[in-house]
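To keep things clear, I will list the structure first and then write my remarks on it.
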Amino acid sequence: MKARRVWSALLAAMMIAALAGCDSGGGTSQTDSGTESAATGGETSSVMNETGLPIVNEPVTLKFVSYHGVAHKENFEGIEQIDRWEQETGIDLEFSTVPQTAWETQKSLIFSSGDIPDMIVGNQALTDADVSSFADQGLIIPLQDLVAKYGTNLNAILEENPHYRSKIFNADGEMWSYPALADIDFGNRGNVTFVSKKWLDEAGIEVTYDTDTYEYIDVITDSFTTDEFYDMLEKFKQIHPDTSPWIAGTGAESFLDYYASFGAYDNAQHLRLNGDTIEFSATDPNLKDGIKWINSIFQAGFLDPETFTMDSSMYSSKVKADQGETYGVVTAWTMQQFFEMDDPRYDDWAVMLPFIGPDGIQEWPMSVPSVINGFGVITSKSEYPEICARLMDYMYSEYNSVDAMIGPLGSAAIQNDDGTYTQVPQPENVDYNEWIGSKLTGCMPFICPPSVTNRCTFNQAVTMTIEVGQTYRPFQVQKGLPGLNLTQEGNQFVADFSANAMDYIKRKHAEWITGGGIDDEWEEYVSELEKMGADQYVQYYQEAYDAVKEYLQ
Numbered sequence: 333m334k335a336r337r338v339w340s341a342l343l344a345a346m347m348i349a350a351l352a353g354c355d356s357g358g359g360t361s362q363t364d365s366g367t368e369s370a371a372t373g374g375e376t377s378s379v380m381n382e383t384g385l386p387i388v389n390e391p392v393t394l395k396f397v398s399y400h401g402v403a404h405k406e407n408f409e410g411i412e413q414i415d416r417w418e419q420e421t422g423i424d425l426e427f428s429t430v431p432q433t434a435w436e437t438q439k440s441l442i443f444s445s446g447d448i449p450d451m452i453v454g455n456q457a458l459t460d461a462d463v464s465s466f467a468d469q470g471l472i473i474p475l476q477d478l479v480a481k482y483g484t485n486l487n488a489i490l491e492e493n494p495h496y497r498s499k500i501f502n503a504d505g506e507m508w509s510y511p512a513l514a515d516i517d518f519g520n521r522g523n524v525t526f527v528s529k530k531w532l533d534e535a536g537i538e539v540t541y542d543t544d545t546y547e548y549i550d551v552i553t554d555s556f557t558t559d560e561f562y563d564m565l566e567k568f569k570q571i572h573p574d575t576s577p578w579i580a581g582t583g584a585e586s587f588l589d590y591y592a593s594f595g596a597y598d599n600a601q602h603l604r605l606n607g608d609t610i611e612f613s614a615t616d617p618n619l620k621d622g623i624k625w626i627n628s629i630f631q632a633g634f635l636d637p638e639t640f641t642m643d644s645s646m647y648s649s650k651v652k653a654d655q656g657e658t659y660g661v662v663t664a665w666t667m668q669q670f671f672e673m674d675d676p677r678y679d680d681w682a683v684m685l686p687f688i689g690p691d692g693i694q695e696w697p698m699s700v701p702s703v704i705n706g707f708g709v710i711t712s713k714s715e716y717p718e719i720c721a722r723l724m725d726y727m728y729s730e731y732n733s734v735d736a737m738i739g740p741l742g743s744a745a746i747q748n749d750d751g752t753y754t755q756v757p758q759p760e761n762v763d764y765n766e767w768i769g770s771k772l773t774g775c776m777p778f779i780c781p782p783s784v785t786n787r788c789t790f791n792q793a794v795t796m797t798i799e800v801g802q803t804y805r806p807f808q809v810q811k812g813l814p815g816l817n818l819t820q821e822g823n824q825f826v827a828d829f830s831a832n833a834m835d836y837i838k839r840k841h842a843e844w845i846t847g848g849g850i851d852d853e854w855e856e857y858v859s860e861l862e863k864m865g866a867d868q869y870v871q872y873y874q875e876a877y878d879a880v881k882e883y884l885q
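Sequential numbering from 333 applies to the sequence shown in this note's numbering.
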């Protein structure tokens, strides 16, 4: 089978997981390329056309600061995508970039320079805390009025998908940054469990596989209990005594999803939704049984001893070592993280279903798709905030959004006559990084809702990822929070709380998994989190949820 790459660097990064099929700019016609016809124009001011394309009727330069990845030249030199944007909008787009590896330290220095840009853009370039801090300092401007006036495409998205509003606008109705989303149903899950078919055969463990439903993965239809999974690891250890048969990822958070089998629904936010009530999940007493189970696996030598010290690069290297035969069980997003789909080692792995816990619970958490903020902000120094707003809404056209998600259209993807889109293979004998780096920036916002993604035929890699997620769908319980945008005060509190509490939770879970003692220390742990402000942490999210829950029905 020929492996095909996920074309957009942004989609590959997000995976994870809305633009209605409307015309760009204000109901104007579209050309054969799927973008607005400049001939339609619209009402004009002295510089900017309020609708239609081009956006400006005389030369205007907008300055952007972003970061560039390894695939890109500095300042996005030579990007074909930028040439098209400039031709269609009439705007001269001037990018200044820093290496992605330096972005975290450099982004705080942008406003101390003498040349402040019109916008800061990039794939999650700014965190919620960054945006809140910049807003508090008056360094960026609120966007809600600009979107109300010039957000033709974004407003159409929100009308079709009102639940997206919960993340775009905060509890005070303010909007400070432009979002992005590829709303593809990957099963709405995190990592899942893969097992080596070779190790199963060596251990004499017979399983049955679904040979009809899935095209790109092997799925074990047998459901293992938590005790049976332990017994399987024990057999693996007997055959491979010099190894620890399970590598689950990096850190204590690698096990959160597994606790669902013990009746504990937890996640990295440590928040869950019970009806319309938000609860703090890090102190759920049922967690104790799940952590004790992982502790028993660790104490038996079945879990990689460097789970709590290695980084993601080391984790990946360890899985790929020894021709991929160092471990019998791997917790991962997909095995394509390690082996291309045309690599024989890729076919050595099968998906395991969620385990059945001691009380008969077989569940797995379901995440809630949400837009991701921080892809673009307009600085308070910009002389052209309205032109910036029109440009951002231009990016939310269906053509531009699909171009960003699976494109570039015309080379990596095709726009079909029936309104569908098809990804095509990368050109043969072409370096992928050089090829993608000459075509896409990956720095501008886009939104593709299900009304668009359902019309896309994805490549094998994306289709396989969807298949992996669907194996877990029958067992998923949706208790996760929708994306919520807090007030600036709430964002600051959450940032402070998270800096202390999240590290404390990870540390205690790691200590209990490696050394035990959870029963003796549980009450102190709960009390310490209360002192840190767990109740207030929940309250800020509850207020944000209550402010937007009408959109979530």
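We treat Cβ as the ideally placed atom computed from N, Cα and C, and that holds for glycine.
CA-to-CA distance, residue j to residue i, given in whole angstroms
{"i": "residue 694", "j": "residue 738", "result": "35 Å"}
{"i": "residue 510", "j": "residue 461", "result": "15 Å"}
{"i": "residue 827", "j": "residue 619", "result": "24 Å"}
{"i": "residue 815", "j": "residue 512", "result": "12 Å"}
{"i": "residue 542", "j": "residue 681", "result": "13 Å"}
{"i": "residue 788", "j": "residue 780", "result": "10 Å"}
{"i": "residue 376", "j": "residue 407", "result": "The predicted model places residue 376 with a pLDDT of 42, which falls under 50 and marks its position as unreliable, so this point remains unresolved."}
{"i": "residue 832", "j": "residue 858", "result": "14 Å"}
{"i": "residue 360", "j": "residue 382", "result": "Only weak support is given to the placement of residue 360: the predicted model assigns it a pLDDT of 32, under 50, and the value that follows is read from those uncertain coordinates. Straight-line Cα distance between these residues: approximately 12 Å."}
{"i": "residue 631", "j": "residue 559", "result": "15 Å"}
{"i": "residue 657", "j": "residue 593", "result": "28 Å"}
{"i": "residue 535", "j": "residue 518", "result": "32 Å"}
{"i": "residue 373", "j": "residue 610", "result": "Its pLDDT being 38, under 50, residue 373 is placed unreliably by the model, and the measurement read from it follows with that caveat. Residue 373 and residue 610: Cα-Cα distance of roughly 48 Å."}
{"i": "residue 503", "j": "residue 820", "result": "9 Å"}
{"i": "residue 450", "j": "residue 393", "result": "9 Å"}
{"i": "residue 480", "j": "residue 710", "result": "16 Å"}
{"i": "residue 530", "j": "residue 599", "result": "32 Å"}
{"i": "residue 674", "j": "residue 493", "result": "38 Å"}
{"i": "residue 716", "j": "residue 703", "result": "26 Å"}
{"i": "residue 877", "j": "residue 498", "result": "8 Å"}
{"i": "residue 454", "j": "residue 706", "result": "8 Å"}
{"i": "residue 691", "j": "residue 621", "result": "11 Å"}
{"i": "residue 879", "j": "residue 507", "result": "14 Å"}
{"i": "residue 685", "j": "residue 527", "result": "10 Å"}
{"i": "residue 776", "j": "residue 866", "result": "36 Å"}
{"i": "residue 625", "j": "residue 457", "result": "39 Å"}
{"i": "residue 365", "j": "residue 767", "result": "The pLDDT assigned to residue 365 is 39, lower than 50, so where the model puts this residue is not dependable; a value taken from the coordinates is nonetheless given after this. Using only the alpha carbons, I get a separation of about 21 Å."}
{"i": "residue 409", "j": "residue 431", "result": "13 Å"}
Beta-ladder partner(s) of residue i, from DSSP
{"i": "residue 541", "result": "552"}
{"i": "residue 686", "result": "Bridge partners of residue 686: none, in fact."}
{"i": "residue 787", "result": "DSSP lists no partner for residue 787."}
{"i": "residue 697", "result": "809"}
{"i": "residue 526", "result": "662, 683"}
{"i": "residue 395", "result": "426"}
{"i": "residue 780", "result": "514"}
{"i": "residue 754", "result": "746, 789"}
{"i": "residue 708", "result": "453, 510"}
{"i": "residue 605", "result": "610"}
Short Cβ contact (8 Å threshold) for residue i with residue j
{"i": "residue 683", "j": "residue 549", "result": "yes"}
{"i": "residue 429", "j": "residue 464", "result": "no"}
{"i": "residue 726", "j": "residue 500", "result": "no"}
{"i": "residue 603", "j": "residue 700", "result": "no"}
{"i": "residue 525", "j": "residue 663", "result": "yes"}
{"i": "residue 589", "j": "residue 483", "result": "no"}
{"i": "residue 647", "j": "residue 582", "result": "yes"}
{"i": "residue 495", "j": "residue 883", "result": "yes"}
{"i": "residue 608", "j": "residue 881", "result": "yes"}
{"i": "residue 668", "j": "residue 796", "result": "yes"}
{"i": "residue 597", "j": "residue 586", "result": "no"}
{"i": "residue 427", "j": "residue 466", "result": "no"}
{"i": "residue 771", "j": "residue 729", "result": "no"}
Nearest-angstrom Cβ-Cβ length linking residue i and residue j, presumed shorter than 8 Å
{"i": "residue 623", "j": "residue 844", "result": "5 Å"}
{"i": "residue 769", "j": "residue 404", "result": "5 Å"}
{"i": "residue 470", "j": "residue 712", "result": "6 Å"}
{"i": "residue 756", "j": "residue 746", "result": "6 Å"}
{"i": "residue 891", "j": "residue 803", "result": "Since the first residue of the chain shown is 333 and the last is 885, residue 891 is not available in this structure."}
{"i": "residue 773", "j": "residue 516", "result": "Between residue 516 and residue 773 the Cβ distance is about 21 Å, and since that is not below 8 Å, they are no contact."}
{"i": "residue 634", "j": "residue 555", "result": "Not a contact, Cβ separation roughly 20 Å."}
{"i": "residue 740", "j": "residue 412", "result": "7 Å"}
{"i": "residue 808", "j": "residue 697", "result": "7 Å"}
{"i": "residue 421", "j": "residue 478", "result": "Between residue 478 and residue 421 the Cβ distance is about 16 Å, and since that is not below 8 Å, they are no contact."}
Tell me the start and end of each unbroken alpha helix (DSSP H) in the segment 398–451 that is at least 4 residues and wholly inside, in chain order.
Fully enclosed alpha helix (DSSP H) runs of 4 or longer: 412–421, 435–438.
Report the start-end ranges of each alpha helix (DSSP H) in the segment 609–641 that is 4 residues or longer and not cut off at the edges.
The qualifying runs are 619–631.
At what residue ranges does the segment 566–593 contain a whole run of the beta strand (DSSP E), taking only runs of 3 or more?
With a minimum length of 3 residues, no continuous beta strand (DSSP E) run stays inside the segment 566–593.
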